[in-house]
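Written below as structure tokens is the structure these notes are about.
In my numbering, the protein residues as written are 11 to 329.
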């Protein structure tokens, strides 16, 4: 018997795996990459943790499908920000189900805990997730199973329900006790790393999506830099050297690049087909974040002589 575990690398997903492994059931992990993870080293961390748990890990790229089908049109709406948590959980379950036959697994497990998250982990929310994703009743939540209706793996006897748990609420005392029991260390913080729950990232995404179409290519540039909306045109200027690399690596069709000509400074992006007067303003914005009062900025093979502005004049346009 084998289970396929939705694996985030957080303590709850780790404990769900350990709980099922204790019943001598093989577990294989799956991480659904949606693109909005804040941890830049997420893949390395997941692989290291999977090795410690002695499980194989499948990482599946679902960014494009998620943007097209879920992000901007969730059935159950958003949380406080741009986080469609119920639809997102259902999407990840459906994505994992696609691997069941390939991995020779019989059911799916998740580290969700009843009452831990205000939007997606209430009992009613879990019913909504199941409605969108689990008609076969194949998703088992080992940490809260005794508080929920029996799933097919329990009904069929694949899993001993009496050995499952009844954890609920936001208090993580029982999880910490279990972590100590299993000798678990170096797991991710329970606060989560989804940028869609972040108010500032959500503001950028909302502003972007008012006039521009998001693709996979734009996800990373939304995570970095100063984002400026000037007269309806989007401008991005890096804040530090490591962000220069992200903006330089951009390969999409929405933006073109901006560089200082022959002197150190930030890298920028400006949406294509922008009028020259807007490009001139963008050049002035860029020079304002250098040590120079004047200099040439190259935008798509055009050169604009830029003059430093009072940064207070720029702040009103920053998202």
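Yeah, the Cβ is synthetic: ideal placement off N, Cα and C, and Gly gets one too.
Judged by DSSP in its simplified three-state form, residue 329 adopts coil rather than helix or strand. Around the C-beta of residue 17, 16 or more other C-beta atoms lie within 10 Å, and the residue is accordingly described as buried. Within the same chain, and ignoring the five residues on either side of residue 306 in sequence, the residues whose Cβ sits closer than 6 Å to its Cβ are 271, 313, 315. Taking C-beta separations shorter than 6 Å and ignoring five residues to either side along the sequence, the partners of residue 177 in its chain run 123, 153, 154, 184, following chain order. In this structure, residue 260 places its C-beta atom within 8 Å of the C-beta atom of residue 227. Along the length of the region 147-221, whole alpha helix (DSSP H) runs at least 4 residues long occupy 162-165, 183-192, 209-221, reported in chain order.
Annotation: residue 259 is outside any alpha helix (DSSP H) and is labelled neither H nor E by DSSP.
Rounded to whole angstroms, the Cβ separation of residue 246 and residue 235 is 5 Å, and the two are in contact under 8 Å. DSSP places residue 288 in the uninterrupted alpha helix (DSSP H) bounded by 286-297. Note that the C-beta distance between residue 327 and residue 238 is below 8 Å. The residues 300, in chain order, have a CB closer than 6 Å to that of residue 275 in the same chain once the five nearest residues on each side in sequence are set aside. When secondary structure is reduced to three states using DSSP, residue 41 falls in the strand class. CA-to-CA, the gap between residue 13 and residue 69 works out to about 16 Å.
Beta-bridge analysis with DSSP links residue 281 to 265.
Remark: fewer than three beta-carbon pairs, one from each stretch, lie closer than 8 Å, so the region 72-88 and the region 112-123 are not flagged as touching. Looking at 74, 169, 136, the one whose alpha-carbon comes closest to that of residue 34 is 169.
In its chain, beyond the 5 residues on either side, 294, 298 have a beta carbon closer than 6 Å to the beta carbon of residue 319. Distances from the alpha-carbon of residue 229 to those of 58, 257, 250 put 257 closest. The alpha carbon of residue 20 has as its nearest neighbour, out of 195, 323, 161, 207, the alpha carbon of 195. Annotation: residue 21 is outside any beta strand (DSSP E); the continuous alpha helix (DSSP H) that includes it extends over 21-31.
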